[in-house]
C-alpha cells in the first residue's frame, strides 16, 4: 500500500461535500493504469454496491516484455511496477472502495452478468504489442474479469485461453465513410463502420455499463493510435442539465493530427448538441520520443502540443487540481497526463539491429514549454503507484 496514495485518497474523500470523481492510478509508472469511474448515485445507494467501476488498462506489471525470447528482443521498465499483479490491483481497488466509504466493507462481487467474483470490473486491452498485452501479467488476473480488446489484442487474449469473457471493441472510421455516432461504437454494438466484427464476441457486452464506452482511433501506423474512454454519468436533473460525456483520450505513442479517424473524433468535441458533445477530461500522451533505425516512431511533447492545437478549445489554464465536480474545460482537456513516458530498456538482437532508444522529457520541461507558449492544460505527472482524482 502506498502511503502517498492512501493519504491522497483519504484527503479527498474526507473533504466536506466530497462527491466521487474518476480516479487514475498508475500501476507501473509507464502505461498500465487503473481507471475508477463513479457508479451512478442510484447504483451506489444499493446495499453492498461498490462506489466505482474499476477498469485495468494495458497491464504490464512484472518481468520483461519479449518477442520470441529475450535473445531476440527484451523490453524492461526502469523500476519494478509498484502494483505488480492482479491480486495487488485488487488490493488497490479495495483500498479505494474503503476510503470512498470511510472504511465500510463492500461486496467483493461485481455487478455485471458474468459472475465475476473479482472487485476489478473490466480489463481494456487497447494495443497488441507485448508491453500492452503481457501474458505473464494477464495470467495473474481472475479469469472471470470481462476483457474488452481491439481485434488484434483480442486475438492474443483468446490464445491465452485464460479469460472467460472477451468482447472486441470497435474502431472509429474517418474519411469518406458515413459519419459515425460515438454511441454506435460501444462494444457489442453492431455497426457497419466498425472494423471489429461484433459477431466474434465471446460474451455479451452487458458487463460494460451503458454509461461507459471505449473505442479505438486508428492512425497512419498501428503504433500511432488513440483510445477514447467515455464516461457518461446520468444528469442530476435531466430537465435542466444535459448529460455530460467526459472523455479520457489515451494516445500512448502519439498520432498525426491529419488522420481521418482523429478528425472524426474532433467532430464529437465540436458537436453543437450538448447532449451529444464529448468533453475532454484528460489527455494521456507521452512526452518522450522513441527512435528506431534512426527514425522517429513516436511523437512526444511536440506532438502533444500539436494535438492541443486541434482541440476546439483548450483547458482553462488552472493549476490542474480542478475545482467543483467535473466542471471540465469546454472541449479541451483539463489535464495532460504523461503516459508511456518511462525510459524503457531495450536489449536483444532486434533492439541492436534497429538501434531502438528513447529520448525522455520531464514534466517540468513540458510545463515550461507550455507556459512559454501560453498553452493549457497543466501537465500533471502520476508517479508509479500513485493516483490522481480527476476533478
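In my numbering, the protein residues as written are -12 to 378. Every residue gets a Cβ at the ideal spot worked out from N, C-alpha and C, and that includes glycine.
Membership of residue 339 in any beta strand (DSSP E) is not indicated; the residue belongs instead to the alpha helix (DSSP H) covering 336 to 341.
Per DSSP, residue 345 is one residue of the beta strand (DSSP E) stretching across 344 to 346. Rounded to whole angstroms, the gap between the alpha carbons of residue 329 and residue 55 is 23 angstroms. Distances from the alpha-carbon of residue 271 to those of 255, 103 and 327 put 327 closest. In this structure residue 297 touches residue 253 by the C-beta definition: roughly 6 angstroms separates them, less than 8 angstroms. Around the beta-carbon of residue 339, fewer than 16 other beta-carbon atoms lie within 10 Å, marking it exposed. It is roughly 8 angstroms from the alpha-carbon of residue 73 to the alpha-carbon of residue 126. Residue 237 has 214 and 271 as its beta-bridge partners, per DSSP. For residue 172, the closest of 333, 195, 83 and 152 by C-alpha to C-alpha distance is 195. In the structure shown, residue 135 falls within a strand segment according to DSSP collapsed to helix, strand and coil. Nearest C-alpha to residue 113 among 89, 69, 202 and 174: 202. Its Cα nearest to that of residue 49, the residue 119 stands out among 83, 119, -4 and 23. Going by DSSP, residue 39 is part of the beta strand (DSSP E) stretching over 39 to 44. Straight-line spacing of the CA atoms in residue 220 and residue 266 works out to 13 angstroms. The C-beta of residue 155 has 16 or more other C-beta atoms within 10 Å across all chains shown, which makes the residue buried. Distance from the CA of residue 46 to the CA of residue 124, rounded to the nearest whole angstrom, comes to 7 angstroms. Listed as beta-bridge partners of residue 349 by DSSP are no residues whatsoever. In the DSSP assignment, residue 81 falls within the unbroken alpha helix (DSSP H) covering 73 to 87. For residue 203, the uninterrupted beta strand (DSSP E) segment begins and ends at 199 to 204.
Rounded to the nearest whole angstrom, the CA to CA distance from residue 31 to residue 335 is 50 angstroms.
Around the C-beta of residue 167, 16 or more other C-beta atoms lie within 10 Å, and the residue is accordingly described as buried. The three-state secondary structure of residue 158, taken from DSSP, is strand.
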